[in-house]
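These notes are about the structure you will find just below.
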Amino acid sequence: MVSPVKNIFKCFGCGKEGGPIEFVMAMENMSYDEAVKSLALEFGV
C-alpha cells in the first residue's frame with residue numbers, strides 16, 4: 002500500500018514499511034546512499 006497523502010508505504014507481504022527513501026531501497030534493491038543519490042538526481046536536488 003502506498004499513501005501519497007501520508008508519504009509512506011507498507012508491504013503486507015514482506016512487512017517492509019517507510020518513507021520515500023525506504024520505498025526506493027526496497028523496489029530497486031539499493032543501499033540508503035544509492036537511493037538518496039537516485040532520488041536527488043531524479044528531482045534535480
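Under this note's numbering, residues 2 to 46 are what the sequence shown spells out, in order. All residues carry an ideal CB built from backbone N, CA and C; glycine is no exception.
The Cβ atoms of ALA36 and ILE22 lie closer than 7 angstroms to each other. The straight-line gap separating the alpha-carbon atoms of ASN8 and MET26 is approximately 15 angstroms. The beta carbon of MET31 sits closer than 7 angstroms to those of VAL25, SER39, all from its chain and outside the five residues before and after it, given in chain order.
The residue from CYS12, GLY20, GLU43, PHE13 with its alpha-carbon nearest to that of VAL6 is GLY20.
Between PHE10 and VAL3, the CB-CB gap stays under 7 angstroms.
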